[in-house]
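So the structure is just underneath, and the comments pick up after that.
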DNA sequence: CTCTCTTTTGCTCAAACTGAGTATATCAGC
DNA sequence: GCTGATATACTCAGTTTGAGCAAAAGAGAG
């Protein structure tokens, strides 16, 4: 056939939200990497089982919710020469911040990788201070006819000049930053991580970006948040997790209205008095909605023009 | 490593809508199959390019819009023994019903594969006449405690007993029918195709089901319909295509309101008088919306409780 | 030429949903 | 019993959605 050998790999974006920060597991290295494994044709009946097996073996974490994300197969994404690496990437949600053993696995802040994605405190400084100048330079060096198009595309993706910030277009934003050479993977020398974001090996940061976008979209119409919170939780706690992932603030009263109008939760009986204010009632997820309603999600109220 | 060899394949669900019927390309055989190809590591820089290459070579069709669907890698999905086949499936949309050469490729009616998915004339006869009895039998043979759960799950998926018909859950419905042995792939002998749907080789019908679900979902928030219609079209024509894919009827006035309130189209100047009634104005897609609005789709009005 | 049938297109209206604000409840700590 | 904090309840205008009525504009029948 051909002299280049094809190899199948698996990648996992393992997500948890702790202390109002979304995190994912990375493996130590320079740069760091997403957990990576292979399919054992003898042992693994399905790709997903293969994933669960080696994640469990390697990090001691038993995955709950798992969803296939994307399969990457571009040339040049293997570190071994002569090997064409085709990787199937998955997103997995885990409840607690299970501390990893001495496997080299650790939890990294998602917004450490993608600092421009966190708009909870308004438009992040990185955008105005570093991204906008980089975009301007990139637009300026284009042929006269393309300048307006480049500026318009950037403005829409990054919520500039009156455009709304679309929380789901994480991948498109990453790809634009890659195109303009803002993220170090694009050949540039290693630079300030707080501004350009912490890089990952190969195209792993791209995978992380795609995963965040997918998850943000999924929040709307499937009750995936509940995979990330403990069995009982307060509505404000739930809201903080949604905010952490979506990267925007939510109107608390409307969030509450949406959640219980949708029948997503029920009172668990019990109180969390550690809030610093009026104690909050504890709720639990109503597993029944999965069967009752066609597309129950948290709906993400109030984020048309965040910031 | 292991004695079983891993092989990477590619599958394409190539879609067109003609005469108000969604169609996809299948290769002659018993049963028929989806177009299948491989990645040539030397020649193909990306998976998507590989797909475009062999579809073009094999059927003469140049694909336009292409989107990755899912990667399948379960054991036992290769016809060759000793080979573990990992297939990356794609959905592609093409405009005209390009007639295929003598490559064995032909257009098949999507609802020939999945007859229970077409609710444009109300709940299809197949559901009441064949599926409901099959479900009842399946529920009856369960342990007493599981019967209600089986019935409830079926009712929700198939829009029985007051449940709404959710157009997007195509895959879940297929999987239920597989589970209860209604679709022939599940080991049963070949049966009446008009009722059980035309089978495809291996898990190809499953892929087709997943593709339909994905496409139906995508209609809502991305302007993919326009990939399927000619450069100029009437609003009713556009509506028929949406109806064909979504499998439900749409309130014409609301559809029209949605489309032009969303700025998705503009008058192309010209008239189609062949409608049998008042002549319809011709429109064209406004490519600009892609840059203007965050998530322009056709919105699919009026399909909460179709049928 | 007029009447009828058909499809296209414009308009209306109530119900549901959203975004955003005001007000009240209930705790901890002083 | 204040003060400060968060939790929770209600309100209200603006928008979107589902659904129907009606006029416009052609073809064909009589």
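Chains as they are written, first to last, in my numbering: chain A, 1 to 307; chain B, 1001 to 1307. Backbone N, C-alpha and C define an ideal beta-carbon position, used for all residues, glycine too.
Starting from residue 255 of chain A and walking both ways along the alpha helix (DSSP H), at which residues does that stretch end? 252 to 261
Cutting at 7 Å between CB atoms, please list the residues of its own chain near residue 179 of chain A, excluding the five before and the five after it. none
Inter-residue Cα distance where the pair is residue 1290 of chain B and residue 1226 of chain B: 12 Å
List the residues of chain B whose Cβ lies closer than 7 Å to the Cβ of residue 84 of chain A, in chain order. 1041
Give me, in chain order, the residues of the same chain whose beta-carbon lies closer than 8 Å to that of residue 64 of chain A; leave out the 5 immediate sequence neighbours on both sides. 92, 93, 94, 95 and 227
May I ask which residues mark the beginning and end of the beta strand (DSSP E) holding residue 1009 of chain B? 1005 to 1018
What is the DSSP secondary structure of residue 1136 of chain B, counted as helix, strand or coil? helix
Run through chain A and tell me which residues come within less than 7 Å of residue 1073 of chain B, C-beta to C-beta. 39, 46 and 47
What residues of chain A sit near residue 1004 of chain B, judged by a beta carbon separation below 7 Å? 41 and 42
Residues near residue 134 of chain A in its chain [Cβ-Cβ closer than 7 Å; skip 5 each side]: 180 and 182
Just to check my reading of the structure: residue 1089 of chain B and residue 1200 of chain B have Cβ atoms closer than 8 Å, yes? What is that Cβ distance to the nearest angstrom? The Cβ separation is near 12 Å, so there is no contact.
Relative to chain B, which residues along the stretch 206 to 230 of chain A have a C-beta separation below 7 Å, given in chain order? none
Work out the CA separation of residue 243 of chain A and residue 235 of chain A for me, nearest whole Å. 12 Å
Using 8 Å as the threshold, is the stretch 4 to 20 of chain A in touch with the stretch 198 to 216 of chain A, meaning 3 or more CB pairs across them? yes
In chain B, which residues lie less than 8 Å from residue 8 of chain A when you measure between Cβ atoms? 1006, 1008, 1073 and 1086
With DSSP run on the structure shown, which of helix, strand or coil describes residue 1221 of chain B? helix
DSSP three-state assignment for residue 233 of chain A, whether helix, strand or coil: strand
Candidates A:141, A:45 and A:170, of which the one nearest residue 114 of chain A by Cα: A:170
Rounded C-alpha distance that separates residue 307 of chain A from residue 275 of chain A: Because residue 307 of chain A sits at a pLDDT of 26, beneath the cut-off of 50, its placement in the model cannot be relied upon, and the following sentence gives the value as read from the coordinates. Approximately 26 Å, taken between the alpha carbons.
Taking the alpha carbon of residue 1039 of chain B as the point to measure from, which residue in A:146, A:62, A:50 and A:72 has its own alpha carbon closest? A:72
When Cβ atoms are compared, which residues of the stretch 1253 to 1279 of chain B fall closer than 9 Å to chain A? none
Here's a check: name, in chain order, each residue in its chain whose Cβ is nearer than 6 Å to the Cβ of residue 1083 of chain B, leaving out the five neighbours to either side. 1005 and 1007
Let's test the definition: count the other Cβ atoms within 10 Å of the Cβ of residue 118 of chain A and tell me whether it reaches 16, buried, or not, exposed. buried
Using the beta-carbon count (16 or more within 10 Å), is residue 105 of chain A buried or exposed? buried
Which runs of the beta strand (DSSP E) at least 3 residues long sit entirely within the stretch 1054 to 1124 of chain B? Give them in chain order. 1065 to 1072, 1083 to 1093 and 1105 to 1109
Tell me whether the beta-carbon of residue 131 of chain A lies closer than 8 Å to the beta-carbon of residue 248 of chain A. no
Measure the C-alpha to C-alpha separation of residue 1259 of chain B and residue 277 of chain A and round it to an integer number of angstroms. 48 Å
Interface partners of residue 70 of chain A on chain B, CB under 8 Å: 1068
Can you tell me which of the three DSSP states residue 156 of chain A falls into? helix
Spatial neighbours of residue 74 of chain A within its chain, please: C-beta separation below 6 Å, excluding the five flanking residues on both sides. none
Would you decide whether residue 1087 of chain B is buried or exposed? Buried here means 16 or more other CB atoms lie within 10 Å of its CB. buried
Tell me the DSSP secondary structure of residue 183 of chain A in three-state form. coil
So for residue 266 of chain A, helix, strand or coil by DSSP? strand
Which residue's Cα is closest to the Cα of residue 209 of chain A: A:253, A:191, A:221 and A:245? A:245
Note the first and the last residue of the continuous alpha helix (DSSP H) segment covering residue 1194 of chain B. 1193 to 1196
Cβ separation of residue 139 of chain A and residue 147 of chain A, assumed to be a contact under 8 Å, to the nearest whole Å: 5 Å
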